[in-house]
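Input: a single structure, listed below in structure tokens.
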Amino acid sequence: MTDDRLRQVLEQRYLGDRTSACVAAAVIEQAVSRAVACADPGRRGDVEGAKAFEIGSISKTMTASLLASLTADGTLQLSDPVARHLPPGTQVPVFAGAPILLAHLVTHTSGLPPIPSRFPAADPANPYADLTDDELLASLADVELVAPPGSRWVYSNFGGMLLSYVVSHVAGQSFEALAHDRLFGPLGMSRAYVAQRPAGTEAVVGHRSTGAPVAAWDFPASMAGVGGVRATLDD
Numbered sequence: 182m183t184d185d186r187l188r189q190v191l192e193q194r195y196l197g198d199r200t201s202a203c204v205a206a207a208v209i210e211q212a213v214s215r216a217v218a219c220a221d222p223g224r225r226g227d228v229e230g231a232k233a234f235e236i237g238s239i240s241k242t243m244t245a246s247l248l249a250s251l252t253a254d255g256t257l258q259l260s261d262p263v264a265r266h267l268p269p270g271t272q273v274p275v276f277a278g279a280p281i282l283l284a285h286l287v288t289h290t291s292g293l294p295p296i297p298s299r300f301p302a303a304d305p306a307n308p309y310a311d312l313t314d315d316e317l318l319a320s321l322a323d324v325e326l327v328a329p330p331g332s333r334w335v336y337s338n339f340g341g342m343l344l345s346y347v348v349s350h351v352a353g354q355s356f357e358a359l360a361h362d363r364l365f366g367p368l369g370m371s372r373a374y375v376a377q378r379p380a381g382t383e384a385v386v387g388h389r390s391t392g393a394p395v396a397a398w399d400f401p402a403s404m405a406g407v408g409g410v411r412a413t414l415d416d
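Quick note: the sequence shown uses our numbering, first residue 182, plus one each step.
Right, here's the structure in full:
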């Protein structure tokens, strides 16, 4: 698959589409093919170059990569109980004596619910902005596991927030600083960021289905790994 062939495939589907959508795709084989197509070809400049998008939960794959990096250098182990890396006195649920491990957080098999019980969500348009570390950790005490950790897959933003918290605090850095040191910098992702937008990078504005613009979400410094990364298509 070449870049040109992939672009042809996308354009056959999207040229003239009534949604005015743009789509980016990559095919990863021995070589990587990538292409962008827009219903209106004149809009390609709206999504390429220095335009940084909120990538949402793709951020979780980066948190997993940071966990792998900290595991590779011996700072963490996948078999570590989560409680080992939380403040003393934090009440972490267990099931029949079986603890939640870091491996369970990264694979969404911890048994934690989708959202922390003490999630404030004071602003539905920016729900993570006011969540504190204390509220995140206190929410663990409200959880009663219904199965052994590792036995069931249930997608959990709670688990993603907790893993982001752990890698950040163990490294002694904000998630953004840690990601720059171990991912963005080494991989040449020069325009990727969380809160500190690189010079010359433009933050793309999101929109509702009605076309109305919406503000970007903000994340606590230690929990941005759940969904707070912005990146360009090149990144």
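Beta carbons are placed, not taken as given, at the ideal position from N, Cα and C, and that holds for glycine.
1) Between which two residues does the beta strand (DSSP E) carrying glutamate 235 extend?
2) Work out the CA separation of glutamine 258 and alanine 139 for me, nearest whole Å.
3) Just grab the DSSP bridge partners of phenylalanine 276 for me.
4) Over what stretch of residues does the alpha helix (DSSP H) that includes valine 351 continue unbroken?
5) Which stretch, first to last residue, makes up the beta strand (DSSP E) that contains alanine 216?
6) Which of the three DSSP states is assigned to glutamate 383 in this structure?
7) Relative to the alpha-carbon of proline 295, which residue among Gly341, Gln272, Ala306 has its alpha-carbon at the smallest distance?
8) Could you pull out every residue in the same chain whose Cβ sits closer than 7 Å to the Cβ of glutamine 272, ignoring the five residues on either side in sequence?
9) Would DSSP call valine 421 helix, strand or coil?
10) So what's histidine 460 in DSSP terms, helix, strand or just coil?
11) Going by DSSP, what residues sit across from isoleucine 209 in a beta bridge?
12) Need the endpoints of the alpha helix (DSSP H) that glutamine 193 sits in, please.
On the basis of the coordinates in this document:
1) Along the sequence shown, one-based indexing puts residue 235 at 54. Glutamate 235 -> beta strand (DSSP E) spans 232-235.
2) A query on residue 139 cannot be resolved here, the shown segment of the chain reaching from 182 to 416 and no further.
3) Along the sequence shown, read from residue 1 onward, the residue named residue 276 stands at position 95. Its beta-bridge partners are Ala279.
4) Indexing the sequence shown from 1 puts residue 351 at position 170. Taken as a continuous stretch (DSSP letters only), the alpha helix (DSSP H) holding valine 351 covers 338-352.
5) Residue mapping note: residue 216 aligns to position 35 of the sequence shown, counting from 1. Element bounds for alanine 216: 213-219.
6) Against the sequence shown, residue 383 aligns to sequence position 202. Strand at glutamate 383.
7) Here residue 295 corresponds to residue number 114 of the sequence shown, with the count starting at 1. Closest by alpha carbon: Gly341.
8) Taking the first residue of the sequence shown as position 1, residue 272 is located at position 91. Counting only Cβ-Cβ distances below 7 Å, and skipping sequence neighbours, we find Leu321, Ala322.
9) Nothing about residue 421 can be reported from this structure: the residues present for the chain run from 182 to 416 only.
10) The requested residue 460 does not occur in the structure, where the chain is confined to residues 182 to 416.
11) Taking the first residue of the sequence shown as 1, we reach residue 209 at position 28. According to DSSP, isoleucine 209 bridges with Val213.
12) In the sequence shown, residue 193 corresponds to position 12, counting from 1. First-last of the alpha helix (DSSP H) with glutamine 193: 184-195.
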